[in-house]
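Asker: Sharing a structure below in structure tokens format, with a few things to ask.
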Amino acid sequence: MPVKIFESCLRHRARNGRSLCSMKKKGRGSSIILKIPPKAKRTQILQKPNYSLNLWTVIKNHIGEQLSRIPLLVNFSEPLSMLQRLTEDLECHGLLDQAVQCENSLELLRYMAAFVVSSSTSAAFHTNKSFKPLLGETFELDQMEENGLHSLHEQVSHPPPAVAHHANSRNGWTLYQEIKITHKFHGKCLNITPSGSVHWIFHASGHHYTWKKTITTVNDIIVGKLWLDQSSEIEIANHETGDKCILRFVPYNFFSLDVPRKVTGQVTDFKKSTLWGSGAKMAEGKHQERNQKTEHGVILWKRNPLPENAENMYYFSEFALTLNAWEDGIAPTDSQLRPDQRVMENGHGDEANTEKWHLEEKRHLSIKKKEAKALRVTGSGTYNPYKALWFEQKEDPITKELIHMYRGEYWECKDKQDWPSCPDIFSKGGNRSKGRSKGKRRKVQRT
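Numbering-wise (our numbering), the sequence shown opens with residue 83 and increments by one.
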């Protein structure tokens, strides 16, 4: 039986009891006043299917290869794209709002450290693979009304896969990055290695901070229950003052009596004097700072408890559960509109695999057409790489890395509901969106 993917936005809202408008008398006539109540947060999704497939049986012949090049069924996935998974890093962005209230840069570094630890633990229990973004795919997080935050991810390269990200807060900070993630399968474990720097700018002072992401290892792929471990030494650096925070993510040791998922660190000034010690127990979801002079400790962050029945919902946090909840007015390239991901979330695994196959076939055909055109025009099979819609490649003034940086216009296009440049990446045919793309005209089954 075919899956019903499309339905009316207005019917959806009416069915869920959201008032769309009311009539108000004005003199002889009447006017329509839109009344859209605050959006209720989604608190659950369909229960995770219990598949009998074993990951080892699928990837055992690909030891040493990039996982992104191994075709996998959606049965091993979770109903989030990698862009949405990366957005999970912002779950505790309130720590950055607190950081900008600090009186000095050393105090600020404490909150930066807590944020880095929190973002590293955001997907600590996710053992399912996220959906691989298509080239040109985007994902927005629009919390401007609630928390003053805008965030946008775009898949700017594939292959090699690379994601550009820009987040801006009216509370006084900007975060941006370009991240490349490589997956290497080594037989018993899978290493997930991100490359690229994360940048954070404090608007009031102009101070610029950078750090790297942690390396994650997926263990017990052959037998047993999958579990994640993180190991890295991360330097959070203030490039204006020379202040630093060093965080050490201690890898798990079976023979050690120490607590698992432990993070240690210290905050030092430009003279390399240690002012604060840092400690976190990621298993408990707690980050604590201690003043080296007074021995006074303070807990800066605690992980929000997982929702009830989380083990049957891919161990999603309350924040993760909201990421694929339907939003009106999003770009035609947004991850929420992926048919394979949406159908899979709605509990139709076979249909989701079919949709995934169609999307991959469309991408392969597009590449072949571009190569054929390049062969006719230039005499070679090479063609110009994808040009990102919302980002442009520049040299970062701090790290000197060539990265994609936000060029603007996305949120203005959203306000106008005009997406003339967005490629048509999710339908079974077509290359580009035509003219305006109104949120109220978009028809997709929502949950």
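C-beta atoms are modelled at their ideal positions from N, C-alpha and C, and glycine is treated no differently.
1. Indicate whether ASN210 and PHE158 have their beta-carbon atoms separated by less than 8 angstroms.
2. Assuming HIS248 and TYR397 are in contact, meaning their beta carbons sit under 8 angstroms apart, how far apart are those beta carbons, in whole angstroms?
3. Rounded to a whole number of angstroms, what is the C-alpha to C-alpha distance between GLU474 and GLY379?
4. Less than 8 angstroms between the CB atoms is what I'm expecting for THR169 and PHE213, so what's the real figure, rounded?
5. Please return the same chain residues whose Cβ sits closer than 8 angstroms to the Cβ of GLU427, not counting the five positions on each side in sequence.
6. Measure the C-alpha to C-alpha separation of PRO479 and LYS510 and round it to an integer number of angstroms.
7. In this structure, how does DSSP classify LYS510 when only helix, strand and coil are distinguished?
8. Look at ALA195 and ILE318 and say whether their C-beta atoms are less than 8 angstroms apart.
9. So the candidates are ARG489, GLN423, ASP351 and ALA454; which of them puts its Cα closest to the Cα of TRP439?
10. Shorter than 7 angstroms, the distance from the beta carbon of LEU484 to the closest heavy atom of the ligand GDP, or not?
11. By Cβ distance, which residues of its chain are closer than 6 angstroms to PRO215, with the 5 residues on each side in sequence left out?
12. Can you give me the start and stop residues for the alpha helix (DSSP H) that ILE449 sits inside?
13. With a Cβ-Cβ cutoff of 8 angstroms, do GLY347 and CYS327 count as a contact?
14. Nearest by alpha-carbon distance to TYR492: which of LYS130, GLU443 and ASP224 is it?
15. Return the first residue and the last residue of the beta strand (DSSP E) that LYS496 is part of.
16. Residue range of the alpha helix (DSSP H) that SER201 falls in?
17. Starting from VAL380, follow the alpha helix (DSSP H) in both directions and report where the run begins and ends.
18. So, do the region 279-290 and the region 255-266 have three or more beta carbon pairs nearer to each other than 8 angstroms?
19. Once DSSP output is grouped into helix, strand and coil, what is the label at THR264?
20. Look at LYS496 and GLY411 and say whether their C-beta atoms are less than 8 angstroms apart.
21. Do the CB positions of PHE401 and GLU227 come within less than 8 angstroms of each other?
22. For SER503, collect the residues of the same chain with a Cβ closer than 7 angstroms to its Cβ; drop the 5 residues on either side in sequence, then sort them by chain order.
23. By Cβ distance below 7 angstroms, which residues in the same chain neighbour GLY230 in space, the five residues on each side in sequence not counted?
24. Is it buried or exposed, ASN132, if we count other Cβ atoms within 10 angstroms and call 16 or more buried?
Answerer: Walking through what the data contain:
1. Yes, these two residues count as a Cβ contact at 8 angstroms.
2. In this structure HIS248 does not touch TYR397 by the C-beta definition: roughly 28 angstroms separates them, more than the 8 angstroms allowed.
3. Annotation: GLU474 to GLY379 spans about 43 angstroms, alpha carbon to alpha carbon.
4. Separation of the CB atoms of THR169 and PHE213 is rounded to 13 angstroms, and the pair is thereby denied contact status at 8 angstroms.
5. Here the set comprises ILE127, LEU128, PRO161, ASN406 and THR529.
6. If you take the alpha carbons of PRO479 and LYS510, they lie about 41 angstroms apart.
7. Coil, per DSSP.
8. Between ALA195 and ILE318, the C-beta gap is smaller than 8 angstroms, which places the two residues in contact.
9. When only C-alpha atoms are compared, the closest one is GLN423.
10. As for the ligand GDP, it is missing from this structure, which has no ligand bound.
11. So the list reads SER163, MET164, LEU165 and GLN237, once near-sequence residues are dropped.
12. From DSSP, the alpha helix (DSSP H) with ILE449 extends over 431-460.
13. Yes. Within cutoff.
14. Looking from the CA of TYR492, the closest CA among LYS130, GLU443 and ASP224 belongs to ASP224.
15. For LYS496, there is no enclosing beta strand (DSSP E); the enclosing alpha helix (DSSP H) covers residues 492-498.
16. For SER201, the uninterrupted alpha helix (DSSP H) segment begins and ends at 187-202.
17. For VAL380, no alpha helix (DSSP H) run applies; the uninterrupted beta strand (DSSP E) run containing it begins and ends at 379-384, by DSSP.
18. Contact between the region 279-290 and the region 255-266 is present, with at least three C-beta pairs closer than 8 angstroms.
19. Three-state DSSP puts THR264 in a strand.
20. In this structure, the beta-carbon distance from LYS496 to GLY411 falls below 8 angstroms.
21. At least 8 angstroms separates the beta-carbon of PHE401 from that of GLU227.
22. Excluding sequence neighbours, SER503 sits near LEU471.
23. Result list for GLY230: SER251, ARG252 and ASN253, in chain order.
24. Classification for ASN132: exposed.
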